[in-house]
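Protein chains in written order, with this note's numbering: chain A, 1 to 118; chain B, 119 to 699; chain C, 700 to 1279.
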């Protein structure tokens, strides 16, 4: 990789900002991992692959701060509100893919509306 | 210069002066416990706190430099109260068995408690049972008495570069110990005793052999003789109200006779003999190219131990000559015993030394039994002798001045300066000059090797040759000198020096680990001055001119480095592991 | 689906019937209007507002209503869902007070991917600086911002940097203090794990300003994930040429290395930290000289805490003036707190300085986690103090918390309720400091132990009246004469509990009672025979086998065997276990 100059960096940033699309993020900091985030992440990855949802990106991220609700999964599907699912386990993860991602319906009793805390 | 106010009084001091030292200028003594003039302030004890007028925050006077415009209060009710609480806290973690402690009457903590007028122990006693360590036979570690001031650790690590002592564990459980919680004898400890000399309490203390000496003297079967090292005579007076550096040689002779020794010798004579041997060794290596250069002196057993542990590669450069008191010991049990028809088996040789390491040296190798018996039986430090004097009931100050016993008691000016850094070198040069040039030295003093500079490098002209010299004292100063030698060896170059003198303690033996407490550079200087005065006052100032030395070689030893000399006066060195086991 | 409606009963935790009724009613009315396929009604677990009845959040219009009643359902459907209009009298005003600067990227970006940092304006501050800011200009921005150290002491960051910049030296260093150690505090861990590049960027800027070419991350070894992420971030930054020589094509050079802390709390103290990096025993040394003059390897050194450094790029990008508009008085910007203890929503919160403690505990934290009332909060960890509930309206700032006998500290905030004993709390924090004392200076080494001893006596029922005086005496000595911050502040938890809850101390010492029933020696459990129905639940649950008897003959509690764990008290549904 070549070393960046000031101009390279700005250009790169501009280019990166163009990227849009749906994604799922799993909080994988110590708190999340301790609560089981790795399993959730793997499940989501697997399920997305299985269903061949190529445009959907599953990513790891740090801790959003709502440690009481770990593992946290944030889901952004275009045309739907961006929401956090808290206390997610393997089953919930599967439901997220099935109902939210594919069925375009939000899950009951699992959403932690962190929009207010952002 | 910095201008400030201390307790309302204007004070002007040099930039960088601590508040502690600045306060002395206005006659204010701020109490301290961990601070020692030899060491950088560790700021551990917390007693020296002072405050800026109007501020709650307190500063440590020992480590805070006085700054322009500061307005310092050193004593007010709250400050005194806090200091008092600190002393009480220390006591709550101290065995307080002063009556049975070696430091009773000479303890910095005890003095403080007395000054603060503490009459009761307000806090519950919390003491951990940590066993004593007397494994070295020279120093006894009693961690229970330790107040964690850190002086010994700093001395051991920074001043001496030995790293035998360190702090173990943390918080309340902090204690001094060799790293890895091993015994001191298995550690890198070289028994220099600087830890003991700097300890404010009785946590590190020389192994007390006074009792043993009394027993030997009182035993009708035994024939007790004694010798005094050079540095003892100018320091022991401090324990009896004399000015530091006062030379009490002849009073000491009288004292030791009164105490009951059958003969009183002087290690200075042994030093003169050392010079004959070591001087010859130097001439042999330097002039006759037999053996390696530089030649390194070996009078100091801590240095020998340090070298064997840390610098085993330098052994070939060491003088094989024993230290003066060992030489005197072996001569007592051979030469003197023969002459006086005493059964050497019954002889007990006691050495009064400024040094704790000498206690270790007397059984260091088989060569310390060259007479067929242990050449020196007991070593007392200056501090132990002072205690013995007090036990004897003798009024030391009023004793008359007497002479030593001849044959092993008469010394030259060269012998006496052995007790100061550079002294062995200077004495050796005086004789080496004669040996090389066979001429009388016009001016006997080599002042460039004197003084308290840690490493002294100089070149001395003898005859047609320049002799490159290094003198180091304080073991931390050795590394530089040896490193230069090693580099030259590696590069196959001429050695940077021809002759190196090392003494383990700062200032040489005058600053030895067995000397009276409270050593500072000022004291080291005064004690050394005492020795140099003695030298100046001697009629004979070169070892080879000592008629008794000449007699010794003529009647008994033959030639320096001869067969008998080799049997009796020389020794060997072997690399040792830094950690035993 | 066109609209989505989130509902949450924020009042009655656990009472599912109310939510069910509300939900059913709402759904029925939607069905009535044949809207069930256009509007999704969702019960959510948490809506970010608390104790405000039913809260309803309508997407995508983003209408947030609180204290909604059943009768409000029709007009919400008519006016808001169908009409797209906001109903003013329902609008929720008590929304979260969080404001994210430090945590801006945490939970947002993938910390393992430098591109994600860059896309979120990462390395734009250093880019801006290297394109034409002089070090003086950076200092000016920092000065204007009013940013102060977030490690606890609150020293103005610009001043620290300026001092270091002004000391001439051939080599200088930047150290990031990531030796976070306060019990319950994990802000720094979270930032290092979630947004390591922002700290790297902060360090680069510090290096640029003071003239350092080398920086060290000092991270405690107990943070393996943080270490891994920082390590990864550093290597990515090197790949991009953001570290090393000729950064971004300029002649600025900066190298970074990681050093691990070996588990000593005191190594968070800057001089001990430096000793630790140098490979020495982690002992603090007296200051002056300050690290800005004589720091790592005796060279001028800036040591900043993780949170402070994470603020730096934002200050540069948004400008000092923008930053100084956030916060209050002499405390600018935000502060991250690790909110834990007896609070509903434990976690990390970031609020502007000046936010009240009550807002943090109730509006963000959701209030007490149990039925018991919040009694006090503890801030500043073992160096801080306890602040009673009466003072919760205090706005957070360095000064205000100090005035209350606590400190801001690194940002731990622990909520305590009536079941917490203040003597026990004081003992907990003091024990921490005693365990973590390095042992160098007398006041801390012996003083702390003696104080702990006195507190233990109190909680065991052997305390004496004069012990309180002794506690104060030793505290004073520790505050005034300890060498470093650990010892100077260690008495704070004791002094602050003594200040606000002296009655609890007296209860322990004089009445031999622990009002909160925490100190095992001062209370006991017993069975109230009149209430007991011999169900045996307590006996079955007792881990110590201290409840004897059977369903026929009844049960008794053996005080000798009882460990005061309280299990019987918790399981008894009849209130037949007496505690006191």
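Where is the CB? At the ideal position from N, CA and C, for every residue including glycine.
What residues in its chain sit with their C-beta under 7 Å from that of residue i, if we drop five residues either side in the sequence?
| i | result |
| --- | --- |
| residue 621 of chain B | 418, 421, 539, 591 and 627 |
| residue 1057 of chain C | 1091 and 1092 |
| residue 667 of chain B | 390, 391, 394 and 661 |
| residue 463 of chain B | 491 |
| residue 9 of chain A | none |
| residue 746 of chain C | 705, 707, 709, 754 and 756 |
| residue 599 of chain B | 573, 588, 590 and 618 |
| residue 116 of chain A | At residue 116 of chain A the pLDDT is 48, less than 50, meaning the model places this residue with poor confidence and gives no usable figure here. |
| residue 282 of chain B | 274, 296, 302, 305, 306 and 307 |
| residue 1031 of chain C | 844, 845, 846, 1022, 1023, 1025 and 1052 |
| residue 1207 of chain C | 1122, 1157, 1158, 1162, 1213, 1218 and 1221 |
Rank the options by C-alpha distance to the C-alpha of residue i and give the top, closest one.
| i | options | result |
| --- | --- | --- |
| residue 525 of chain B | B:372, B:672 and B:328 | B:672 |
| residue 1143 of chain C | B:515, B:165 and B:588 | B:165 |
| residue 1109 of chain C | C:999, C:882 and C:720 | C:882 |
| residue 537 of chain B | B:695, B:647 and B:125 | B:647 |
| residue 439 of chain B | B:683, B:625, B:218 and B:495 | B:683 |
| residue 323 of chain B | B:330, B:333, B:312 and B:332 | B:312 |
| residue 142 of chain B | B:269, B:184, B:677 and B:443 | B:184 |
| residue 1261 of chain C | C:844, C:1246 and C:795 | C:1246 |
| residue 649 of chain B | B:171, B:531, B:336 and B:681 | B:531 |
| residue 284 of chain B | B:368, B:291 and B:271 | B:271 |
| residue 489 of chain B | B:585, B:450, B:654 and B:548 | B:450 |
| residue 199 of chain B | B:217, B:234 and B:172 | B:234 |
| residue 1238 of chain C | C:1222, C:770, C:894 and C:1257 | C:1257 |
| residue 192 of chain B | B:216, B:229, B:228 and B:144 | B:144 |
Considering only residues of the same chain and omitting the five flanking positions on each side of residue i, which have a CB-CB separation below 8 Å?
| i | result |
| --- | --- |
| residue 1124 of chain C | 1077, 1085, 1115, 1192 and 1196 |
| residue 121 of chain B | 128, 129, 130, 186 and 187 |
| residue 478 of chain B | 254, 255, 256, 309, 419 and 423 |
I think residue i touches residue j, with their Cβ atoms under 8 Å apart; what is that distance to the nearest whole Å?
| i | j | result |
| --- | --- | --- |
| residue 878 of chain C | residue 994 of chain C | The pair is not a contact, with the Cβ atoms about 15 Å apart (cut-off 8 Å). |
| residue 244 of chain B | residue 211 of chain B | 6 Å |
| residue 1213 of chain C | residue 1120 of chain C | 5 Å |
| residue 67 of chain A | residue 1067 of chain C | Wrong, their Cβ atoms sit about 17 Å apart, outside the cutoff. |
| residue 1080 of chain C | residue 1111 of chain C | 4 Å |
Chain C partners of residue i, CB-CB under 7 Å?
| i | result |
| --- | --- |
| residue 59 of chain A | 809 |
| residue 17 of chain A | 818 |
| residue 75 of chain A | By Cβ distance, chain C contributes nothing, its closest Cβ being about 13 Å from residue 75 of chain A, past 7 Å. |
| residue 574 of chain B | Near residue 574 of chain B there are no residues of chain C at all, since even the closest Cβ is about 26 Å away, more than 7 Å. |
| residue 62 of chain A | 805, 806, 810, 889, 892, 893 and 894 |
Kindly list, in the order they appear in chain A, the residues whose Cβ is closer than 7 Å to that of residue i.
| i | result |
| --- | --- |
| residue 1046 of chain C | 65, 66, 67 and 68 |
What residues in its chain sit with their C-beta under 6 Å from that of residue i, if we drop five residues either side in the sequence?
| i | result |
| --- | --- |
| residue 862 of chain C | 991 |
| residue 943 of chain C | 937 |
| residue 851 of chain C | 1108 and 1109 |
Please tell me whether residue i and residue j are closer than 8 Å, where the distance is taken between their beta carbons.
| i | j | result |
| --- | --- | --- |
| residue 280 of chain B | residue 468 of chain B | no |
| residue 403 of chain B | residue 512 of chain B | no |
| residue 177 of chain B | residue 167 of chain B | yes |
| residue 371 of chain B | residue 521 of chain B | yes |
Using a Cβ cut-off of 8 Å, pull out every chain B residue sitting near residue i, in sequence order please.
| i | result |
| --- | --- |
| residue 1133 of chain C | 289 and 290 |
Using a Cβ cut-off of 9 Å, pull out every chain C residue sitting near residue i, in sequence order please.
| i | result |
| --- | --- |
| residue 167 of chain B | 1179 and 1180 |
| residue 244 of chain B | 1145, 1148, 1149 and 1152 |
| residue 178 of chain B | 985, 1180 and 1182 |
Name the chain C residues whose beta carbon is nearer than 8 Å to that of residue i?
| i | result |
| --- | --- |
| residue 111 of chain A | 705, 741, 743, 744 and 745 |
Residues of chain A with CB closer than 9 Å to the CB of residue i, please, in chain order.
| i | result |
| --- | --- |
| residue 1006 of chain C | Within chain A, no residue comes near residue 1006 of chain C; the closest Cβ sits about 13 Å away, beyond 9 Å. |
TODO: Anything in the stretch 185 to 210 of chain B with a Cβ closer than 7 Å to a Cβ of chain F? List those residues in chain order, please.
DONE: Judged by its chain identifiers, the structure shown contains no chain F, and its protein chains are A, B and C.
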